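Chemist: Just so we're aligned, residue 50 is where the sequence shown starts under the working numbering, counting upward by one.
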Amino acid sequence: MNWFDSHCHLDFDAFDDDREAVIKSALDKGVSHIFVPGVSRDNWQKIENLVQVHPMLCAGVGIHPYFLDTYQQQDLDLLYNYAQKGWVKAIGECGIDGFLAATTRFSVEQQQSIFEAQIDIANQTNKPLIVHHRKSHHLILQSFKRCNPKNGGIIHAFSGSLTDAQHYIALGFKLGCGGTITYERAAKTRNVFNQLDLQHIVLETDSPDMPLAGFQGQVNKPERVELVGRCLADVKGLDVAVVAEQTSTNAKTLLSVS
50 MNWFDSHCHL
60 DFDAFDDDRE
70 AVIKSALDKG
80 VSHIFVPGVS
90 RDNWQKIENL
100 VQVHPMLCAG
110 VGIHPYFLDT
120 YQQQDLDLLY
130 NYAQKGWVKA
140 IGECGIDGFL
150 AATTRFSVEQ
160 QQSIFEAQID
170 IANQTNKPLI
180 VHHRKSHHLI
190 LQSFKRCNPK
200 NGGIIHAFSG
210 SLTDAQHYIA
220 LGFKLGCGGT
230 ITYERAAKTR
240 NVFNQLDLQH
250 IVLETDSPDM
260 PLAGFQGQVN
270 KPERVELVGR
280 CLADVKGLDV
290 AVVAEQTSTN
300 AKTLLSVS
């Protein structure tokens, strides 16, 4: 039984002291693939270096709203150039964060402009998108209507309504299922994933963040994607092996990896 962690920030500093051990442990526990999203130009080269060393890794490049304090206009040109490279399987992590817009100088309009520029790059380079959301589904769907993403993608850490999910699925997107569903208090999110066909779901850990229930306060690790998968299997009343196989196939197909 093999697992695919479709969202893991292995390039983050939290893994600098034990990155190789974390990767080996994930492999030993049945994780066959890990997708590493890029969040700012400062990390893209680091991610490329990791992908070249570890065949199990695939990756993307993007500009995350959390990292707009380092954003420069020429970053979009650099992003386009990186997107031509064979190891780049997606554009992202990118998106819109409504909470950030309410608490920082990065307005919705600024975030939306940079997000839509990345949708355009994804369209130009035939790449799927890895999309961050927080209090922003309506804004993201507005951007999708304007820019018409052509290659689908993943809505990372999906926690929206069934209607939101259906809108994304109609546009060719998969829904990222992560540690949130391991918490009993997440009844709404569990209910939505229970109603979705497995072909629309991918698994993720968002390591080193988003700790699972029982691991609060600890650095999250990609090996725990199996625990997410087992929880999803329980929620949906499915065999664990079926969940592992279908969600892995979904991610491989979307990201064009074998």
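Backbone N, C-alpha and C define an ideal beta-carbon position, used for all residues, glycine too. As the structure is a computational prediction, the values presented were derived from the model and not from experiment.
Just to confirm before moving on: does the CB-CB distance between T296 and L261 stay below 7 Å?
Modeler: As a position in the sequence shown, residue 296 is number 247, starting the count at 1. As a position in the sequence shown, residue 261 is number 212, starting the count at 1. Not closer than 7 Å, so no.
Chemist: Rounded C-beta distance between Q167 and I112? I'm assuming under 8 Å.
Modeler: As a working note, residue 167 is residue 118 in the sequence shown. As a working note, residue 112 is residue 63 in the sequence shown. Confirmed, Cβ separation roughly 6 Å.
Chemist: If distances are taken between C-alpha atoms only, which option among G227, K73, P114, E97 comes closest to R183?
Modeler: Against the sequence shown, residue 183 aligns to sequence position 134. Checked all of G227, K73, P114, E97; the closest Cα to R183 is P114.
Chemist: Write down every uninterrupted run of the alpha helix (DSSP H) in the region 220-295 whose length is 4 residues or greater and which is fully enclosed by it, in chain order.
Modeler: DSSP runs (the alpha helix (DSSP H)) wholly in the region 220-295: 236-244, 274-285.
Chemist: Determine the contact status of W52 and V274, defining contact as a CB-CB distance below 7 Å.
Modeler: Here residue 52 refers to the residue found at position 3 of the sequence shown. Here residue 274 refers to the residue found at position 225 of the sequence shown. Contact flag set, yes.
Chemist: Identify the residues that DSSP records as bridge partners of L178: which are they?
Modeler: In the sequence shown, residue 178 corresponds to position 129, counting from 1. I140, G202.
Chemist: CA-CA distance, E165 and T119?
Modeler: Here residue 165 is taken as the residue at index 116 of the sequence shown, counted from 1. Here residue 119 is taken as the residue at index 70 of the sequence shown, counted from 1. Their Cα atoms are separated by approximately 18 Å.
Chemist: If the criterion is Cβ atoms closer than 7 Å, does the pair K138 and L304 meet it?
Modeler: Translated into positions along the sequence shown, residue 138 becomes position 89. Translated into positions along the sequence shown, residue 304 becomes position 255. The criterion of a C-beta distance shorter than 7 Å is satisfied by K138 and L304.
Chemist: Quick check on DSSP: helix, strand or coil for F84?
Modeler: Walking along the sequence shown from the start, residue 84 turns up at place 35. For F84, the secondary structure class from DSSP, reduced to helix, strand or coil, is strand.
Chemist: Could you tell me the boundaries of the beta strand (DSSP E) in which F53 lies?
Modeler: Here residue 53 is taken as the residue at index 4 of the sequence shown, counted from 1. Where F53 is concerned, the enclosing beta strand (DSSP E) starts and stops at 52-54.
Chemist: Looking only at its chain, what residues have a beta carbon closer than 8 Å to the beta carbon of S192, apart from the 5 residues adjacent to it on each side?
Modeler: Taking the sequence shown and counting its residues from 1, the one referred to as residue 192 is at position 143. So the qualifying residues of the chain are I145, Q161, F164, E165, I168.
Chemist: Report the rounded CA-to-CA distance for A290 versus E272, giving the unit in angstroms.
Modeler: Along the sequence shown, read from residue 1 onward, the residue named residue 290 stands at position 241. Along the sequence shown, read from residue 1 onward, the residue named residue 272 stands at position 223. Distance between the alpha carbons of A290 and E272: 16 Å.
Chemist: Along the chain, where does the alpha helix (DSSP H) containing G109 start, and where does it finish?
Modeler: As a position in the sequence shown, residue 109 is number 60, starting the count at 1. Counting along the chain, G109 falls outside any alpha helix (DSSP H), though it belongs to the beta strand (DSSP E) covering 106-110.
Chemist: Do you know offhand how far S156's Cα is from G147's?
Modeler: As a first step, residue 156 must be located in the sequence shown, where it is residue number 107. As a first step, residue 147 must be located in the sequence shown, where it is residue number 98. Cα to Cα, the separation comes out at about 9 Å.
Chemist: In three-state terms, what does DSSP make of R90?
Modeler: Position 41 of the sequence shown, counting from 1, holds the residue named residue 90. Helix, per DSSP.
Chemist: For T229, collect the residues of the same chain with a Cβ closer than 8 Å to its Cβ; drop the 5 residues on either side in sequence, then sort them by chain order.
Modeler: Within the sequence shown, residue 229 is the residue found at index 180, counting from 1. So the qualifying residues of the chain are A206, S208, A235, T238, M259.
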